[in-house]
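Protein chains in written order, with the working numbering: chain A, 40 to 362; chain B, 40 to 362.
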């Protein structure tokens with residue numbers, strides 16, 4: 040069913056106001072709407088349902104800065120939903136890097152994931168900065184060679200300004216997301232081959248067994264494991280959040296770098312746009328397309344925003360209206 | 040054949056003195072020796088042979104700083120061999136980050152690869168800093184969905200201090216290195232399946248056909264392509280070096296971040312050591328082992344250095360002595 044984007048926005052904000060102020064609810068809603076507009080729908084409205092609905096996460100206190108230097112802040116999330124704390128940390132890292140040319144912010148004491156991590160990388164890039172974001176989560180992924188889950192699904196995101204749209208790339212360092220398991224279990228479906236093992240390390244396609252076993256690194260090699268470990272170090276060990284944990288607090292690190300430190304902002308944007316052009320000139324296999332991450336999605340997003348309407352599954356919309 | 044490490048060192052330095060000063064030759068040799076000591080032997084003595092022997096790369100002028108801010112420098116490599124310029128850039132980024140808590144340096148106008156990229160990440164980590172390094176190279180790797188080579192094999196490296204040895208992780212973003220193709224061709228061997236395609240995008244195991252076609256991203260998916268693109272942006276577009284190129288200059292970017300900006304250095308080192316401990320407690324499959332990148336190699340390296348001797352293939356040693 041089509042719904043006016045503004046109406047959808049109001050619906051989400053109203054639900055979130057259960058435990059959040061209008062301003063806070065708006066910040067969280069912005070992230071969920073972005074997920075819907077870019078087709079990352081598991082990071083959108085669905086966050087209001089399931090076992091940890093965002094509106095039920097009652098913060099103990101608003102996010103507060105607990106350490107500050109010229110180039111950095113550490114933010115105690117007060118137990119709030121991830122997207123609220125992430126918005127605060129992103130605004131702060133942009134503010135610092137705009138004057139100092141570099142900024143780094145970290146969050147701990149946050150409950151739940153930050154949602155669509157590319158949202159924040161895009162925001163940094165829209166401010167003519169290069170963004171790097173690493174986010175940790177409870178353990179579900181094994182270390183290559185091991186059997187037990189040790190790392191979270193640990194996404195990482197990068198944002199780069201260009202002359203036009205930002206390039207925004209994000210990926211989980213796991214072969215399947217935790218939500219991928221939850222969803223398959225709920226629908227009674229198998230998970231793909233070679234994405235998870237049981238608690239003895241044997242390959243499984245049963246999501247329930249995988250949840251009690253472990254997810255593989257995305258490429259089932261030492262490379263994916265190395266990247267998963269790096270996210271655990273940057274987002275967990277460096278932030279004061281938990282690491283290699285079941286129950287604990289999720290950490291995230293935000294880095295913003297101005298191209299002024301090196302080649303210069305205008306020059307970099309010229310180069311990054313030119314790089315896209317060169318890559319897009321590549322021959323493709325029949326039926327294939329060169330996709331520039333984030334960059335190519337902006338066109339569809341702009342079209343949706345201009346139309347003022349978005350398609351949402353009837354069942355989900357009904358459930359949202361009933362909340 | 041076993042050879043005294045000091046003798047091997049002198050041999051390499053003497054060869055390099057063809058086009059480099061004693062001090063420069065020592066800096067380059069340090070990188071090659073590290074490669075030999077850590078078993079990355081394609082990045083060691085072999086760099087003195089083949090189509091681009093390091094000692095034959097005659098710099099036009101010594102590396103020089105062409106842009107400088109409080110937090111950064113851009114270095115024009117003067118057309119020197121990669122490892123020399125990389126050493127200068129690494130020393131500089133450490134110097135900056137030790138006083139400013141963050142530093143970023145970039146190099147352009149460099150001829151040849153920086154060699155074992157983990158060497159520099161390790162050096163940064165040994166100075167209680169977190170290191171991130173991205174290095175670009177001539178195009179050989181396709182963008183997922185495309186056929187033509189656009190990115191280099193584009194390695195990326197990370198270094199983290201711990202209470203003991205540094206964690207050092209590095210990886211090529213390609214499924215096989217360029218040297219892997221060169222070696223297979225020289226030995227008349229096939230390359231593994233699913234690492235390269237011919238110029239029409241069909242899978243090939245012939246290294247010669249692969250060289251005229253393209254290498255795949257390491258996981259043959261959009262994730263590996265995204266990471267390859269990010270290295271091309273950071274090391275090429277941001278540094279003033281070439282990008283998406285055949286002939287041109289290789290660029291590298293070095294980032295150093297002090298944990299003092301966030302949780303604090305001592306606290307971070309405690310956490311990173313604890314994280315390793317937790318990961319190592321994981322059950323493993325029979326015959327498998329949990330390997331912590333870089334960290335576990337330090338023990339073997341220390342043993343070799345203590346013994347004062349290293350094993351080098353007879354043929355290679357003879358060739359080295361004949362240079």
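C-beta: ideal position from N, C-alpha, C; glycine also.
(request) Kindly provide the ranges of any beta strand (DSSP E) runs that are 3 or more residues long and lie completely inside the region 197–272 of chain B, ordered along the chain. (result) Those beta strand (DSSP E) runs which fall completely within the region 197–272 of chain B and span 3+ residues are 206–211.
(request) Answer with yes or no whether the minimum CB distance from residue 140 of chain B to chain A is below 9 Å. (result) Stepping through the second chain from its first residue, residue 140 of chain B is reached at position 101. It does: the Cβ of residue 140 of chain B has a partner Cβ on chain A nearer than 9 Å.
(message) Which residues does DSSP list as the beta-bridge partners of residue 72 of chain A?
(response) Stepping through the first chain from its first residue, residue 72 of chain A is reached at position 33. Paired residues: none, contrary to the question.
(message) Using only the alpha-carbon positions, how far apart do residue 370 of chain A and residue 268 of chain A sit?
(response) Residue 370 of chain A is absent from the structure shown; chain A starts at 40 and stops at 362.
(message) According to DSSP, is residue 292 of chain B part of a helix, a strand, or is it coil?
(response) Taking the first residue of the second chain as position 1, residue 292 of chain B is located at position 253. Correct three-state label for residue 292 of chain B: strand.
(message) Residues of chain A with CB closer than 7 Å to the CB of residue 323 of chain B, please, in chain order.
(response) As a working mapping, residue 323 of chain B is identified with position 284 in the second chain. Within 7 Å Cβ-Cβ: 184, 185, 186.
(request) Report the residues of the region 302–326 of chain A with a CB closer than 7 Å to any CB of chain B, ordered along the chain. (result) 302, 307, 310, 311, 314, 317, 318, 321, 322, 323, 324
(message) Taking 6 Å as the limit between beta carbons, can you name the residues of its chain near residue 105 of chain A, skipping five residues before and five after?
(response) Counting from one through the first chain, the residue named residue 105 of chain A turns up at place 66. Hits under 6 Å: 113, 115.
(request) Name, please, each residue of chain B whose Cβ falls closer than 8 Å to the Cβ of residue 113 of chain A. (result) Position 74 of the first chain holds residue 113 of chain A. Residues of chain B passing the Cβ test: 301, 302.
(message) With a threshold of 9 Å between beta-carbons, can residue 191 of chain B be considered close to chain A, or not?
(response) Within the second chain, the letter at position 152 stands for residue 191 of chain B. No - not a single Cβ of chain A is within 9 Å of the one on residue 191 of chain B.
(request) Taking only the alpha-carbon atoms, compute the straight-line gap between residue 128 of chain B and residue 199 of chain A and give it to the nearest angstrom. (result) Against the second chain, residue 128 of chain B aligns to sequence position 89. Against the first chain, residue 199 of chain A aligns to sequence position 160. Using only the alpha carbons, I get a separation of about 23 Å.
(message) So, does the region 159–174 of chain B touch the region 317–328 of chain B, judging by three or more C-beta pairs under 8 Å?
(response) no
(request) Over the uninterrupted beta strand (DSSP E) stretch that includes residue 169 of chain B, give me the two end residues. (result) Looking up residue 169 of chain B in the second chain gives position 130. First-last of the beta strand (DSSP E) with residue 169 of chain B: 169–174.
(message) Just to confirm before moving on: does the CB-CB distance between residue 47 of chain B and residue 72 of chain B stay below 9 Å?
(response) Walking along the second chain from the start, residue 47 of chain B turns up at place 8. Walking along the second chain from the start, residue 72 of chain B turns up at place 33. Contact: yes.
(request) With residue 141 of chain B as the anchor, note down where its beta strand (DSSP E) starts and where it stops. (result) In the second chain, the residue the question calls residue 141 of chain B occupies position 102. Where residue 141 of chain B is concerned, the enclosing beta strand (DSSP E) stretches over 141–149.
(request) Would you check if the distance between the CB atom of residue 339 of chain A and the CB atom of residue 40 of chain A is smaller than 9 Å? (result) By one-based count along the first chain, residue 339 of chain A stands at place 300. By one-based count along the first chain, residue 40 of chain A stands at place 1. It is not a contact, given that the beta carbons lie outside the stated cut-off.
(message) Could you tell me the alpha carbon to alpha carbon distance between residue 239 of chain A and residue 246 of chain A, rounded to whole angstroms?
(response) Sequence index remark: in the first chain, residue 239 of chain A carries index 200 (1-based). Sequence index remark: in the first chain, residue 246 of chain A carries index 207 (1-based). So the alpha carbons of these two residues sit roughly 15 Å apart.
(request) Using the Cα positions of residue 79 of chain B and residue 56 of chain A, report the straight-line distance between them to the nearest angstrom. (result) In the second chain, the residue the question calls residue 79 of chain B occupies position 40. In the first chain, the residue the question calls residue 56 of chain A occupies position 17. Distance between the alpha carbons of residue 79 of chain B and residue 56 of chain A is about 57 Å.
(request) Please work out which residues of its chain come closer than 8 Å, Cβ to Cβ, to residue 283 of chain B, disregarding the five sequence neighbours upstream and downstream, and give them in chain order. (result) As a position in the second chain, residue 283 of chain B is number 244, starting the count at 1. If we look at residue 283 of chain B and ignore the five residues flanking it on each side, its Cβ neighbours are 178, 189, 190, 271, 275.
(request) Quick one: residues in its chain with C-beta nearer than 7 Å to the C-beta of residue 356 of chain B, no 5 flanking neighbours on either side, listed in chain order? (result) In the second chain, residue 356 of chain B corresponds to position 317, counting from 1. Cβ within range, chain order: 40, 42.
(message) Under DSSP, the beta strand (DSSP E) around residue 190 of chain B begins and ends at which residues?
(response) As a working mapping, residue 190 of chain B is identified with position 151 in the second chain. Its beta strand (DSSP E) spans residues 188–190.
(request) List the endpoints of the continuous beta strand (DSSP E) containing residue 350 of chain B. (result) Residue mapping note: residue 350 of chain B aligns to position 311 of the second chain, counting from 1. Per DSSP, residue 350 of chain B belongs to the beta strand (DSSP E) from 348–350.
(message) Our contact map puts residue 125 of chain B next to residue 100 of chain B with C-beta atoms below 8 Å; I'd like the distance itself, whole angstroms only.
(response) Here the question's residue 125 of chain B lines up with position 86 in the second chain. Here the question's residue 100 of chain B lines up with position 61 in the second chain. Residue 125 of chain B to residue 100 of chain B, Cβ: 17 Å. No contact.
(message) Taking 8 Å as the limit between beta carbons, can you name the residues of its chain near residue 75 of chain B, skipping five residues before and five after?
(response) Start at 1 with the first residue of the second chain, and residue 75 of chain B comes out as number 36. 47, 83, 84, 349, 351, listed in sequence order.
(request) May I ask you to verify whether the region 211–222 of chain A touches the region 312–319 of chain A, counting CB pairs closer than 8 Å and requiring at least 3? (result) no
(request) Taking the CB atoms as reference points, tell me whether residue 174 of chain A and residue 290 of chain A lie closer together than 9 Å. (result) Here residue 174 of chain A corresponds to residue number 135 of the first chain, with the count starting at 1. Here residue 290 of chain A corresponds to residue number 251 of the first chain, with the count starting at 1. Cβ distance < 9 Å, so residue 174 of chain A and residue 290 of chain A count as in contact.
(request) Just the chain C side, please: which residues come within less than 8 Å of residue 85 of chain B by C-beta, in chain order? (result) Absent from the structure is chain C; the protein chains it does hold are A and B.
(message) Let's test the definition: count the other Cβ atoms within 10 Å of the Cβ of residue 202 of chain B and tell me whether it reaches 16, buried, or not, exposed.
(response) As a first step, residue 202 of chain B is located in the second chain; it is residue number 163 there, counting from the start. So residue 202 of chain B ends up on the exposed side.
(request) Could you check the C-alpha separation between residue 342 of chain A and residue 51 of chain A for me, to the nearest Å? (result) By one-based count along the first chain, residue 342 of chain A stands at place 303. By one-based count along the first chain, residue 51 of chain A stands at place 12. Using only the alpha carbons, I get a separation of about 22 Å.
(message) By the three-class DSSP mapping on this structure, what secondary structure does residue 120 of chain B have?
(response) Your numbering for residue 120 of chain B matches position 81 in the second chain. Residue 120 of chain B falls in the strand class under three-state DSSP.
(request) Check whether the Cβ atoms of residue 256 of chain B and residue 181 of chain B sit closer than 9 Å, and answer yes or no. (result) As a first step, residue 256 of chain B must be located in the second chain, where it is residue number 217. As a first step, residue 181 of chain B must be located in the second chain, where it is residue number 142. For residue 256 of chain B and residue 181 of chain B, yes; Cβs fall inside 9 Å.
(message) Helix, strand or coil for residue 305 of chain A? Go by DSSP, reduced to three states.
(response) As a working mapping, residue 305 of chain A is identified with position 266 in the first chain. In the structure shown, residue 305 of chain A sits in a helix (DSSP, three-state: H, G or I).
(message) Tell me the residue span of the beta strand (DSSP E) that contains residue 112 of chain B.
(response) Translated into positions along the second chain, residue 112 of chain B becomes position 73. That run of the beta strand (DSSP E) goes 111–115.
(request) Measuring alpha carbon to alpha carbon, tell me which of B/301, B/163, B/287 ends up nearest residue 144 of chain B. (result) Numbered from 1 along the second chain, position 105 holds the residue referred to as residue 144 of chain B. Answer by Cα proximity: B/163.
(request) Name the residue from A/333, A/119, A/130 whose alpha carbon lies nearest to the alpha carbon of residue 204 of chain A. (result) As a position in the first chain, residue 204 of chain A is number 165, starting the count at 1. Answer by Cα proximity: A/333.
(message) Taking its Cβ as the centre, do 16 or more other Cβ atoms sit within 10 Å of residue 299 of chain B, making it buried, or is it exposed?
(response) In the second chain, residue 299 of chain B corresponds to position 260, counting from 1. Burial call: buried.
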